[in-house]
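S.K.: Heads up: the protein sequence lines correspond to chains A and B, in order.
Residues 455 to 790 (my numbering) make up the first sequence, in order.
Residues -10 to 193 (my numbering) make up the second sequence, in order.
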Amino acid sequence: MSVDMSKLRFGDELVKRGFAKMTKGGVIMDVTNADQARIAESAGAVAVMALERVPADIRAAGGVARMADPEKIKEILHAVSIPVMAKVRIGHLSEGYVLEALGVDMLDESEVLTPADPYFHLYKKEYKVPVVCGARTLPEAVRRIFEGAAMIRTKGEAGTGNIVEAVRHIRMVSDGIAVLKQMGQEDLKRAATQISSSYVKLRRGVSQDLLGDENYLSGFEAYYGLSIEKIETEIMKVLREVKRLGRLPVVNFAAGGVATPADGALMMKLGSDGVFVGSGIFKSKDPEKMARAVVEAVENYEDYKLIGDVSSGLSGMQGLDIEHMPEEMKIQGRGW
Amino acid sequence: MLLPHKVAVVGFQGDVSEHVTMLKRTFRKLEIDGEVVQARRAEDLSNASGIILPGGESTTIYKLTKQFGLYDEIRRLAMSGIPVMGTCAGLILISRETNDDRVKGMGLLDIEIERNAYGRQIDSFIEYIDIIGIGMFPAVFIRAPVISNPGAAKVMAKRKTEVVMVRQDNIIGLTFHPELTDDTRIHEYFISIVEGERYISTGR
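Have a look at this one:
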């Protein structure tokens, strides 16, 4: 990336994406208090995610899951020297600014919390701190990158200890990129139009409501002052960059169901740049040992003897079947 | 005959691939026959003519380099004259005093470090700095440390009053990330030290 010094000195895309790059090859762990944060740090985590409850408990508790109590986040910020991330509800721009003001190093606009905006994700370019977003497919990832995400992660199915959805999502994104590489100009344009269409969801509904048909769909501010035409142009730029690079232009992590050292290694083998572990550490029998083992497995993901050694005697969290899970119980469907 | 250069980037964690890319570009630009390897075990460092410690999380990289024997091997090779460059977290690892119990420095640079000296990620920034022998350079500071005392190391660049780049014989340390930019000059400078050291070691 070339450096344009006329840009902002702080909060520049290079600084935000650069921060994400520093976490590559690492493990980011969900923690709910200072003690857990210290355990994660001493196990070799590259960052911690400050939460009130890990996803498995959010799933069990039901109700509305919001940004964590700032008191909790401050406690964790003070406990460790590694970066501290925190989750913001999808589209909740005020929670986002509150977390930024608290000193959180990166925001996770996360489907694990209850979405706050049914139409729009955060316009992440407006934040000085970098933001990571979940994605199940290439179009989702491209929309988030257009919106300014400095990092993408698979959604997986959080709180289940079941890796199948994270695997599905990285395969979907990878195959999307493979198709993109074969596309000519015309199909790229069609893809850009298709990917951009979700930004007129609100206007479509409003037009239907007012006139019974879909009108007034162009020449208006569809998303944070941007017209749908401008959005398509910007989405096209992201698509071209992905096509040129043969990968996402931002760091791409795995998340949502990583429960064992071998799960972490698998996601690395499938091309992830690093791994988030949510419930998998502190819902296991021996969190310290599990934390160290996952770090070692991710850093040495092709050293199978080592992974076997560090996995010995570890008892992973109780997992959940997803195949027969009712759709309304799935978290991954939040966001679009 | 000169053997091709083999430069090792410590490859556990951090912006490893960015350094690898910059080194390959530097080799092409300087028309040097060079090989770049990612080192995760001490034996990956054998025959290395230069070593880079990347940016990342110093606590994580410290733990893993210690555990897999790279820490002591890098120290030994650096003492024998192999050029070493550390950027940000990598700089912390090669310093004498990290002022943090969680990371013990190798003492390759006689410097003292203040970790996260500018604050948190929101305080990260880009700024041009003037480097001795290189000139103005776009420096990317990400949760950067500061060299609070350069000791016996030669100061190569400051940002306002803070020391941000030093050299001590075959060792270079930077608080910022040249590998995140398009500018290969710092990597070229490092390779020129590698060339010089090799030149001597092959007895020419």
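The beta carbon of each residue, even a glycine, is placed where N, CA and C say it ideally should be.
Could you have a look at A/A474 and say whether DSSP puts it in helix, strand or coil?
M.R.: In the structure shown, A/A474 sits in a helix (DSSP, three-state: H, G or I).
S.K.: Would the C-beta of A/P537 count as close to the ligand ADP, meaning under 7 Å from any of its heavy atoms?
M.R.: The model on display carries no ligand, and the ligand ADP is accordingly not part of it.
S.K.: In angstroms, rounded to a whole number, what distance separates the CA positions of B/L59 and A/L547?
M.R.: If you take the alpha carbons of B/L59 and A/L547, they lie about 44 Å apart.
S.K.: In the stretch 587 to 637 of chain A, which residue ranges form an unbroken beta strand (DSSP E) of at least 3 residues, counting only runs that do not cross its ends?
M.R.: Taking only runs of at least 3 residues, the beta strand (DSSP E) segments lying wholly in the stretch 587 to 637 of chain A are 605 to 608.
S.K.: Should the stretch 570 to 583 of chain A be regarded as contacting the stretch 665 to 674 of chain A, the criterion being three or more beta carbon pairs within less than 8 Å?
M.R.: With a cut-off of 8 Å, the stretch 665 to 674 of chain A and the stretch 570 to 583 of chain A do not count as touching, because too few Cβ pairs lie within range.
S.K.: Would you say A/G700 and A/I606 are within 8 Å of each other, going by their C-beta atoms?
M.R.: Not a contact, by the Cβ cut-off of 8 Å.
S.K.: Give the interface partners of A/F473 over in chain B, defined as CB-CB distance under 9 Å, in chain order.
M.R.: Going along chain B in sequence order, the residues near A/F473 (Cβ under 9 Å) are Q110, S113, I131 and R132.
S.K.: Within the 8 Å Cβ cut-off, does A/G718 reach chain B?
M.R.: For A/G718, the answer is no, since every Cβ of chain B falls outside 8 Å of its Cβ.
S.K.: Note the first and the last residue of the continuous beta strand (DSSP E) segment covering A/T792.
M.R.: There is simply no residue 792 of chain A to check, as chain A begins at 455 and stops at 790 in what is shown.
S.K.: Buried or exposed: which applies to A/N616, given that a residue is buried once 16 or more other Cβ atoms fall within 10 Å of its Cβ?
M.R.: A/N616 should be labelled buried.
S.K.: Does any C-beta atom of chain A lie closer than 8 Å to the C-beta of B/R148?
M.R.: It does not: the Cβ of B/R148 has no partner Cβ on chain A nearer than 8 Å.
S.K.: For the pair the stretch 481 to 495 of chain A and the stretch 503 to 513 of chain A, tell me if three or more CB-CB distances fall below 8 Å.
M.R.: Segments in contact, yes.
S.K.: Report the rounded CA-to-CA distance for A/R698 versus A/L768, giving the unit in angstroms.
M.R.: In a straight line, the C-alpha of A/R698 is about 42 Å away from that of A/L768.
S.K.: Report the residues of the stretch 39 to 53 of chain B with a CB closer than 8 Å to any CB of chain A, ordered along the chain.
M.R.: Cβ contacts with chain A: G44, G45, E46, T48, T49, K52 and L53.
S.K.: Using a Cβ-Cβ distance cut-off of 8 Å, determine whether B/F1 contacts chain A.
M.R.: Yes, B/F1 counts as interfacial toward chain A.
S.K.: Who does B/T76 pair with in a DSSP beta bridge?
M.R.: In DSSP, B/T76 forms a bridge with B/L163.
S.K.: Taking B/K149 as part of the alpha helix (DSSP H), name the residues at either end of that continuous run.
M.R.: Careful: B/K149 lies outside any alpha helix (DSSP H) and carries neither H nor E.
S.K.: Name, in chain order, the residues that DSSP records as bridge partners for A/F730.
M.R.: A/F730 pairs with A/I482.
S.K.: Give me whichever residues DSSP pairs with B/H(-6) in a beta bridge.
M.R.: In DSSP, B/H(-6) forms a bridge with B/G23.
S.K.: Can you find a CB in chain A that lies within less than 8 Å of the CB of B/D33?
M.R.: No, B/D33 does not count as interfacial toward chain A.
S.K.: Given a cut-off of 8 Å on the beta-carbon distance, is the pair A/A510 and A/S733 in contact?
M.R.: Yes, the Cβ-Cβ distance between A/A510 and A/S733 is below 8 Å.
S.K.: Under the three-state reduction of DSSP, which class applies to A/V748: helix, strand or coil?
M.R.: Here A/V748 sits in helix by DSSP.
S.K.: When Cβ atoms are compared, which residues of the stretch 527 to 541 of chain A fall closer than 7 Å to chain B?
M.R.: Residues S535, I536 and P537.
S.K.: Looking at the C-beta of B/R29, does it have a partner C-beta in chain A at a distance below 8 Å?
M.R.: True, the Cβ-Cβ gap to chain A drops below 8 Å.
S.K.: Kindly give me the distance between the Cβ atoms of B/D89 and A/S535, rounded to whole angstroms, as I take these residues to be in contact under 8 Å.
M.R.: Contact flag correct, Cβ pair sits at about 7 Å.
S.K.: Taking C-alpha atoms, which residue in B/V153, B/L98 and B/G0 lies nearest to B/I120?
M.R.: Out of B/V153, B/L98 and B/G0, B/V153 has the C-alpha closest to the C-alpha of B/I120.
S.K.: So, are the CB atoms of B/A128 and B/R148 less than 8 Å apart?
M.R.: Contact flag set, yes.
S.K.: Work out the CA separation of B/A133 and A/G550 for me, nearest whole Å.
M.R.: Approximately 24 Å between the Cα atoms of the pair.
S.K.: Measure the beta-carbon distance from B/P43 to B/V(-4) and round it to whole angstroms, keeping in mind my assumption that it falls under 8 Å.
M.R.: So it is not a contact: roughly 12 Å between Cβ atoms.
S.K.: Jot down the residue ranges of each uninterrupted beta strand (DSSP E) in the stretch 518 to 573 of chain A, minimum 3 residues, whole runs only, in chain order.
M.R.: DSSP runs (the beta strand (DSSP E)) wholly in the stretch 518 to 573 of chain A: 538 to 543 and 560 to 564.
S.K.: Step through the CB atoms of chain B and report whether any lies within less than 8 Å of the CB of A/L671.
M.R.: A/L671 does not count as touching chain B.
S.K.: Should A/G517 be labelled buried (16 or more other beta-carbon atoms within 10 Å of its own) or exposed?
M.R.: By the 10 Å Cβ count, A/G517 comes out exposed.
S.K.: Mind listing the chain A neighbours of B/D4? Cutoff is C-beta to C-beta under 8 Å, in chain order.
M.R.: The contacting residues are G472, K475, M476 and K478.
S.K.: What does a CB cutoff of less than 8 Å around B/G122 pick up in its chain, not counting 5 residues either side in sequence?
M.R.: Around B/G122: M145 and Y178.
S.K.: Would A/V583 count as contacting chain B if we go by Cβ distances under 8 Å?
M.R.: It does; some Cβ of chain B falls within 8 Å.
S.K.: Can you pull the chain A neighbours of B/N105, defined as C-beta to C-beta under 8 Å?
M.R.: Simply S535.
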